[in-house]
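Protein sequences, first through last, are from chains F and W. So that you can map any letter, position 23 of the first sequence is 22 in the numbering used here, and since no number is skipped, the others follow by simple counting. For any residue, its number in the numbering used here is found by taking its place in the second sequence, counting from 1, and adding 31. Glycine included, C-beta positions come from ideal geometry on N, C-alpha and C.
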Amino acid sequence: KAIYRNDVSQSAFQEIKEEIASYG
Amino acid sequence: DVAKAIINHAVYGKAQNRSYERLALLVYAVGPRLSGSKNLEKAIQIMYQNLREDGLENVHLEPVKIPHWERGEESAVMLEPRIQKMAILGLGSSIGTPPEGITAEVLVVTSFDELQRRAPEARGKIVVYNQPYVNYSSTVLYRVRGAVEAARLGAVASLIRSVTPFSIYSPHTGIQEYQDGVPKIPTACITVEDAEMMSGMASYGARIIIQLKMGAKSYPDADSFNTVAEIIGSKYPEQVVLVSGHLDSWDVGQGAMDDGGGAFISWEALSLIKDLGLRPKRTLRLVLWTGEEQGGVGAFQYYQLHKANISNYSLVMESDSGTFLPSGLQFTGSDKARAIMEEVMRLLQPINITQVFRNGEGTDINYWIQDGVPGASLLDDLYKYFSFHHSHGDTMTVMDPKEMNVAAALWAVVSYVVADMEEMLPRS
Numbered sequence: 000k001a002i003y004r005n006d007v008s009q010s011a012f013q014e015i016k017e018e019i020a021s022y023g
Numbered sequence: 032d033v034a035k036a037i038i039n040h041a042v043y044g045k046a047q048n049r050s051y052e053r054l055a056l057l058v059y060a061v062g063p064r065l066s067g068s069k070n071l072e073k074a075i076q077i078m079y080q081n082l083r084e085d086g087l088e089n090v091h092l093e094p095v096k097i098p099h100w101e102r103g104e105e106s107a108v109m110l111e112p113r114i115q116k117m118a119i120l121g122l123g124s125s126i127g128t129p130p131e132g133i134t135a136e137v138l139v140v141t142s143f144d145e146l147q148r149r150a151p152e153a154r155g156k157i158v159v160y161n162q163p164y165v166n167y168s169s170t171v172l173y174r175v176r177g178a179v180e181a182a183r184l185g186a187v188a189s190l191i192r193s194v195t196p197f198s199i200y201s202p203h204t205g206i207q208e209y210q211d212g213v214p215k216i217p218t219a220c221i222t223v224e225d226a227e228m229m230s231g232m233a234s235y236g237a238r239i240i241i242q243l244k245m246g247a248k249s250y251p252d253a254d255s256f257n258t259v260a261e262i263i264g265s266k267y268p269e270q271v272v273l274v275s276g277h278l279d280s281w282d283v284g285q286g287a288m289d290d291g292g293g294a295f296i297s298w299e300a301l302s303l304i305k306d307l308g309l310r311p312k313r314t315l316r317l318v319l320w321t322g323e324e325q326g327g328v329g330a331f332q333y334y335q336l337h338k339a340n341i342s343n344y345s346l347v348m349e350s351d352s353g354t355f356l357p358s359g360l361q362f363t364g365s366d367k368a369r370a371i372m373e374e375v376m377r378l379l380q381p382i383n384i385t386q387v388f389r390n391g392e393g394t395d396i397n398y399w400i401q402d403g404v405p406g407a408s409l410l411d412d413l414y415k416y417f418s419f420h421h422s423h424g425d426t427m428t429v430m431d432p433k434e435m436n437v438a439a440a441l442w443a444v445v446s447y448v449v450a451d452m453e454e455m456l457p458r459s
């Protein structure tokens, strides 16, 4: 089941930002 | 520190120069890989073995049909106002001339507009286009459409100034197109130098006559394959980040830069990730396209076959504009997706390549991007790239292992992080 979204809320974006930072 | 680990391994560690050395092995063994040629099929078989031996998963070949055109012998000699042999390269899909060649007077123009203005003069002539280089995408129209526009007016052949920002008497080939209902005439590229010379001669009122001989021939479509290998995702295996380059090339040079570099940094991305024992949540899929130079023919058939799963593609990536030192990532997608990619590119700070530009694209991935899938490509040194593009100079000599290391590191970090994020990239 595909779970891409058509948009991302600001809070979700903040979470994604932190997730990406964890790779660094 | 996954990103740092990938960068260290690629740029400073054991994987240093691996993609360059792997590429050299292939291009020295096989040479240029024209669509429909035995060289290309040999390269595909070698890559199939390489990817299996590298321990990648689901390595397989997906059959497709691609155009088969052969250059044959070709020559052009200026007979008037003086005798001079000219370097030419016939354009892909061009027809040949009769065995005795075509000998005709030349009409030199610098644009399609000028050709229209001087239409009555074109009948029975060889039209020479001396169009100035603006950028590749706008100037390539002369190579693609030059024959048709000249043939509409009764021209018997067309010779087109090579599409390149820089020339040392280097002809550049590439695909061209005929149009239904318009007579097919032979078409080839000439060097910048000869185009400018004839333009100068014409401006002094000289009568220019050329004898053109081309043995070009088209054959029925040939069997070929897109080459596929994966690191299967640990959590969402049905979802995909596609990393790619194309294996076919023109029949000039070694096809090292176009697109050996793109194909081999894409392979290297998976090798780096595998070396570090990483397995992203989504499947990382390497595709080495065939028939790209004929207009993304192999990739179109892949798209037709797999588009049913389009909602499972988080990102499609193609490197096909050089693997010199990249200045950043080109990206096409929604604003939110772009914001996410900007965060991903921050991870490349250790090599100081963090910028995200617009226009992520690639002939082979544009089918997906046009249907809404986010797409990415490398922004590279285009002046250098198009100086060698489709010319005899496309060899390992223009490639640089250290630059390939950096390009591979960027490619690996981006593909891995997007493949491993909990969520797919958003779409607008």
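At a cut-off of 8 angstroms between beta-carbon atoms, Ser345 (chain W) makes contact with chain F.
Boundaries cannot be given for Ser280 (chain W), as no alpha helix (DSSP H) includes it and DSSP labels it neither H nor E. Following the DSSP letters along the chain, one finds Gly293 (chain W) inside the alpha helix (DSSP H) bounded by residues 293-306.
Among the residues of the stretch 350-374 of chain W, those with a Cβ less than 8 angstroms away from any Cβ of chain F are Ser365, Lys367, Ala370, Ile371, Glu374, in the order of the chain. Less than 8 angstroms separates the beta-carbon of Ile341 (chain W) from that of Trp399 (chain W).
Residue pairing by DSSP places Arg192 (chain W) opposite W:Ile221 in a beta bridge. Contact check for Pro129 (chain W) against Gln285 (chain W) fails: the beta carbons are separated by 8 angstroms or more. Between Glu88 (chain W) and Ile262 (chain W) the beta-carbon gap is near 6 angstroms, inside 8 angstroms, which marks them as a contact.
Taking each of W:Arg154, W:Gly121, W:Arg149 in turn and checking the Cα distance to Ala135 (chain W), the smallest one comes out for W:Arg154.
In the three-state reduction of the DSSP assignment, Met452 (chain W) falls in the coil class. Between Pro381 (chain W) and Ile75 (chain W), the C-beta spacing is not below 8 angstroms. Taking a 10 Å sphere around the C-beta of Arg389 (chain W), we find fewer than 16 other C-beta atoms and assign the residue as exposed.
The residue from W:Glu131, W:Met78, W:Leu172, W:Thr141 with its alpha-carbon nearest to that of Ile206 (chain W) is W:Leu172. Counting other Cβ atoms within 10 Å of its Cβ, Ser168 (chain W) stays below 16 and is therefore classed as exposed. Closest in C-alpha terms to Pro268 (chain W), from the list W:Arg53, W:Met455, W:Ser66, comes W:Met455.
When DSSP assignments are scanned along the stretch 86-137 of chain W, the uninterrupted stretches of beta strand (DSSP E) that are 3 or more residues long and fall wholly within it turn out to be 88-101, 105-111, 115-117, 119-121. For a Cβ distance threshold of 9 angstroms, residue set Ile19, Ala20, Tyr22, Gly23 of chain F lies close to Leu378 (chain W), ordered along the chain.
Contact check for Val437 (chain W) against Val375 (chain W) fails: the beta carbons are separated by 8 angstroms or more.
Residue environment for Ser459 (chain W): exposed (fewer than 16 other C-beta atoms within 10 angstroms of its C-beta). With distances taken between CA atoms, Ile133 (chain W) lies nearest to W:Glu105 out of W:Gly364, W:Arg149, W:Glu105. Not a single CB atom of chain F sits nearer than 8 angstroms to the CB of Leu441 (chain W). The stretch 409-419 of chain W and the stretch 347-367 of chain W touch, with three or more beta-carbon pairs separated by less than 8 angstroms.
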